[in-house]
Amino acid sequence: MKVALFFGSKSDTEIMKKAGDVLKAFDVSYKAFVLSAHRSGDLLKERIREVEAEACQVIIAGAGLAAHLPGVIASHTILPVIGIPLECRSPQSNGLAGMDALFSIVQMPKQIPVATVGINNAENAAYLALQILALSDADLKEKLISFRKKLVDEALQNGACGVDL
Numbered sequence: 053m054k055v056a057l058f059f060g061s062k063s064d065t066e067i068m069k070k071a072g073d074v075l076k077a078f079d080v081s082y083k084a085f086v087l088s089a090h091r092s093g094d095l096l097k098e099r100i101r102e103v104e105a106e107a108c109q110v111i112i113a114g115a116g117l118a119a120h121l122p123g124v125i126a127s128h129t130i131l132p133v134i135g136i137p138l139e140c141r142s143p144q145s146n147g148l149a150g151m152d153a154l155f156s157i158v159q160m161p162k163q164i165p166v167a168t169v170g171i172n173n174a175e176n177a178a179y180l181a182l183q184i185l186a187l188s189d190a191d192l193k194e195k196l197i198s199f200r201k202k203l204v205d206e207a208l209q210n211g212a213c214g215v216d217l
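Sequence positions in the sequence shown follow my numbering and run 53 to 217.
What follows is the structure in structure tokens.
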């Protein structure tokens, strides 16, 4: 397992699955865990130790509302942590459309950083994890280079060089 995905609620599964889909597309192994930083703190610390022991290299953590999960994880490991601010859609939510989570994750205190992607942007979290992993994995680096070339080719086919209107 190279990547661990953590998120605080089963209701976040649909968004977090998108990160898993990107990792699968690049043949990168991962495990996913549903754990709350507030309701299951000791179990969270235990899982962090387990993924470290399994040679995990990057952690992706999605959280909504106060979004403590990515920061709590970062406080217990030196592995890179990528935070995904999640829009909370429960009836009890405060209606801030994920902005509360974004500010919480992006404003981590000094010395305990968490990389942050856009609200609900699990795909970009996975792509960032792939780029981190590619620093020491030549095969993955080549896959990413090919993927980027494909993006350029698609842009050219879709009129990046001009279109007739």
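Don't be surprised by glycine CBs; every beta carbon is placed ideally from N, CA and C.
Under the rule that a run must span 3 or more residues, the beta strand (DSSP E) segments found entirely inside the stretch 116-160 read 133-138.
In this structure His90 is exposed. Its beta-carbon is surrounded by fewer than 16 other beta-carbon atoms within 10 angstroms. The alpha-carbon of Cys108 is positioned some 50 Å away from that of Leu217. Counting the other CB atoms within 10 Å of its CB gives Ala190 a total below 16, which places it among the exposed residues. In the three-state reduction of the DSSP assignment, Ile111 falls in the strand class. By DSSP's assignment, Thr168 forms a beta bridge with Gly135. Under the three-state reduction of DSSP, Lys162 is assigned to coil, being neither helix nor strand.
A contact is defined here as three or more CB-CB pairs under 8 Å, and the stretch 150-160 fails this definition with respect to the stretch 180-196. Residue pairing by DSSP places Ala84 opposite Leu57 in a beta bridge.
In the three-state scheme derived from DSSP, where H, G and I count as helix and E and B as strand, Asn176 is classed as helix. According to the DSSP assignment, Leu95 belongs to the alpha helix (DSSP H) that extends over 93-105. Following the DSSP letters along the chain, one finds Lys193 inside the alpha helix (DSSP H) bounded by residues 190-209. Distance from the CA atom of Gly150 to the CA atom of Gly116, rounded to whole angstroms, is 6 Å.
Residue nearest to Ile197 within the set Phe78, Leu95, Asp94, Lys62 is Phe78 (criterion: CA-CA distance).
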